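Visitor: Sequence lines, in order, name chains V and G. The end of the first sequence is residue 192 by the numbering used here, with every number in the run present. The end of the second sequence is residue 278 by the numbering used here, with every number in the run present. All C-beta atoms, glycine included, are put in the ideal place defined by N, C-alpha and C. Being a predicted model, the structure only gives us computed values, none of them experimental.
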Amino acid sequence: MKIKQYSIKVFEINIESQSSFLAFMDKNIIMLKHYLIYLKGEVTPDMEEYLKSHDISYTTHLNLSDKKHQELVLKQSDLKIIDEIVRSGQDIKVASDLLILNRVNSGAKLQVEGNLIITGIVDGIIFCNGDFMLVKTSSKAMIVFNGVEIDGSLLQNKFNKIIFNGEEIIVSPIEKEPKWA
Amino acid sequence: MGIVYAIISGKGGVGKTTTTANIGIGIAQEGKKVVLVDFDLGQRNLDLILGLENRVIYDMVHVMDEEAGLKQALIKSKHTDNLFLLAASQTKDKSALVQEKVKKLIETLKEEFDYVILDAPAGIESGFEHTIMYADATIVVVNPEVSSIRDADKAIGIVDAKCERAKENKKVQKYLVINRINPAMVSSGEMLASADILDILSIDLLGKIPEDKGIVEASNTGKPIILNEKSGAGAAYKRICKRLCGENVAFEDVETFNSPSIMGKIKGLFQ
Ligand SMILES: Nc1ncnc2c1ncn2[C@@H]1O[C@H](COP(=O)(O)OP(=O)(O)OP(=O)(O)O)[C@@H](O)[C@H]1O
Ligand SMILES: [Mg+2]
């Protein structure tokens, strides 16, 4: 007789309805694929089909009564992404974090409550109240970070990390050009 | 079914009407049926530049209000057979335009012509919005200076937000014409270089037109510069027309400054 031992993580899921279960699985499938799922409640044929087709290991009988568990908090990322050029005359207000994968032209204005990353050149006006900002500006840009206008000459022509640690604002240039994969 | 181009700029006086007249003639000379519509109500200009100022009896507002038929209002160009003008109203202003009527007019014109070219008024107000609303594509005219670029940027943003095609999630092609390039000023850094303009606006380049004194005279005499074989600006407009008709024409350098004479350089040495 040969005996092997594995340590695995188990996700215990209380099924409320087929639709909410399938929605949850769809959203988290990449993560859940690597674990054993312990299902409590009625497993319908559609759900079985789904689990099989995604090659997910699961069981409906497992005694975990003496084990400690952790509440799983699935973090909802609240990131807005803009994949278009921000043009003159546009005034964009965002309450969450913001990622812009293009340039921000002269005459455009951004007001961001969260963190901000812009991969293109900034010629416009930016107000950011987050803890973190990554930008590259031209001489025309105006950048106000947590109420403080950042000296434009610090930010030009290379990417800069700007952080607010609760007391002071620290601007540090990134010497190597990031490669946005 | 024809294609509708709106000629826009944001900032006024950069060369929309000049561009409309020249590409109208150029495309017609390529054998296409073209109509130019002057949307600059109250400030009509296109008839003058085409040398048709005293031929306007009915204008586009007459046609939209059904006071005249389209056939009555279309004015045939003196320069080429395939080109027609629908003039702007001189008395009524932009408040005379109603969206539904504009739509109907453009749909009718699209059935009759291969190219329907709309000359927009300056600015981004209601007259501008009427012009872009039913366009399939836009030609953005700029001068190599920051105020023109910024206004054009804004106008492009409005096209993307408001025009009918964009609302239907269809692509609205945008082409850039850089007008009034002065090679000496580009070399000395007083004018923006084309590469920087293209970077900022991020739309496709259609052509570059050099500054040309002949254009003023051409406008005054009603003979657009494209009819002048010797003009550099005329040749640049010809290349644009070929591109609009689907030909692959290489971009020519109109920016490099060739100093006028060797003497000039030698003199410079002794200064
Ligand atoms: N390449 C050029 N070289 C020299 N002059 C030019 C050139 N292009 C345009 N112009 C001149 O610039 C002036 C404005 O041109 P035009 O009327 O075409 O501009 P527009 O954009 O239609 O103006 P508006 O906004 O008022 O309608 C005219 O006097 C015209 O002759
Ligand atoms: Mg005009």
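Any beta carbon from chain V within less than 9 Å of glutamine 250 of chain G's own beta carbon?
Guide: Per the sequence shown, the amino acid found at residue 250 of chain G is arginine instead of glutamine. Answer no: the Cβ-Cβ gap between arginine 250 of chain G and chain V never drops below 9 Å.
Visitor: Cα separation between methionine 144 of chain V and isoleucine 181 of chain V?
Guide: Approximately 10 Å between the Cα atoms of the pair.
Visitor: Beta-carbon of valine 153 of chain G versus every beta-carbon of chain V: anything under 9 Å?
Guide: At least one chain V Cβ lies under 9 Å of valine 153 of chain G.
Visitor: Using a Cβ-based criterion (distance less than 8 Å to any ligand heavy atom), does asparagine 52 of chain G qualify as near ligand 2?
Guide: Yes; taking the cut-off as 8 Å, the Cβ of asparagine 52 of chain G has a heavy atom of ligand 2 nearer than that.
Visitor: Which residue wins for smallest C-alpha separation from lysine 172 of chain V, given the options V:Glu160, V:Glu186, V:Ile103?
Guide: Here the closest residue by C-alpha is V:Glu186.
Visitor: Check each residue of the segment 95-115 of chain V: if its Cβ is closer than 7 Å to any Cβ of chain G, include it; give the result in chain order.
Guide: Flagged, chain order: Ile96, Arg98, Ser99, Gly100, Gln101.
Visitor: Taking the DSSP output, what are the residues bridged to methionine 4 of chain V?
Guide: Beyond the ends of chain V as shown, which are 12 and 192, falls residue 4 of chain V; an answer cannot be given.
Visitor: Take the Cβ of glutamine 36 of chain G as the centre, count every other Cβ of all protein chains shown within 10 Å, and call the residue buried at 16 or more, exposed below.
Guide: That one is buried.
Visitor: Just list the residues that DSSP pairs lysine 120 of chain V with in beta bridges.
Guide: Paired residues: V:Asp102, V:Ile136.
Visitor: Pull up the DSSP beta-bridge partners for methionine 153 of chain V, would you.
Guide: BP columns for methionine 153 of chain V point to V:Ile136.
Visitor: What residue from V:Leu90, V:Val123, V:Asp89, V:Arg114 has the CA that sits closest to isoleucine 96 of chain V's CA?
Guide: Nearest of V:Leu90, V:Val123, V:Asp89, V:Arg114 to isoleucine 96 of chain V, Cα basis: V:Arg114.
Visitor: Output the residue ranges of the beta strand (DSSP E) runs that lie fully inside the segment 97-131 of chain G and measure 3 residues or longer, sorted by chain position.
Guide: Segments of the beta strand (DSSP E) lying fully in the segment 97-131 of chain G: 122-126.
Visitor: So the beta strand (DSSP E) valine 261 of chain G belongs to, where does it begin and stop?
Guide: Element bounds for valine 261 of chain G: n/a, residue is neither H nor E.
Visitor: In chain order, what residues of the same chain have a beta carbon less than 8 Å from the beta carbon of isoleucine 156 of chain G, not counting five sequence neighbours either side?
Guide: Cβ within range, chain order: Val149, Leu199, Ile204, Ile207, Leu208.
Visitor: Opposite tyrosine 61 of chain V in the DSSP bridges: which residues?
Guide: Looking at the DSSP assignment, tyrosine 61 of chain V forms no beta bridge with any residue, so it has no partner.
Visitor: For ligand 1, is there any heavy atom lying closer than 8 Å to the beta carbon of threonine 26 of chain G?
Guide: Yes, the beta carbon of threonine 26 of chain G sits closer than 8 Å to at least one heavy atom of ligand 1.
Visitor: Excluding the 5 residues flanking isoleucine 233 of chain G on each side, which residues of the same chain have their C-beta closer than 7 Å to its C-beta?
Guide: These residues qualify, in order along the chain: Asn29, Ile32, Gly33, Gly241, Tyr244, Lys245.
Visitor: Pair every Cβ in the segment 165-179 of chain G with every Cβ in the segment 220-232 of chain G, then say whether three or more of these pairs are closer than 8 Å.
Guide: Too few Cβ pairs lie closer than 8 Å, so no.
Visitor: For ligand 2, any of its heavy atoms closer than 8 Å to the Cβ of alanine 129 of chain G?
Guide: Yes, the Cβ of alanine 129 of chain G comes within 8 Å of a heavy atom of ligand 2.
Visitor: So, helix, strand or coil for lysine 85 of chain G, using DSSP?
Guide: DSSP places lysine 85 of chain G in coil when its eight states are reduced to three.
Visitor: From this set, G:Gln180, G:Thr87, G:Glu136, which residue's C-alpha is nearest tyrosine 12 of chain G's C-alpha?
Guide: The candidate whose alpha carbon is nearest that of tyrosine 12 of chain G is G:Gln180.
Visitor: What are the complete alpha helix (DSSP H) segments, minimum 4 residues, inside the segment 9-40 of chain G?
Guide: The segment 9-40 of chain G contains these whole alpha helix (DSSP H) runs: 23-36.
Visitor: With tyrosine 65 of chain G as the anchor, note down where its alpha helix (DSSP H) starts and where it stops.
Guide: Careful: tyrosine 65 of chain G lies outside any alpha helix (DSSP H) and carries neither H nor E.
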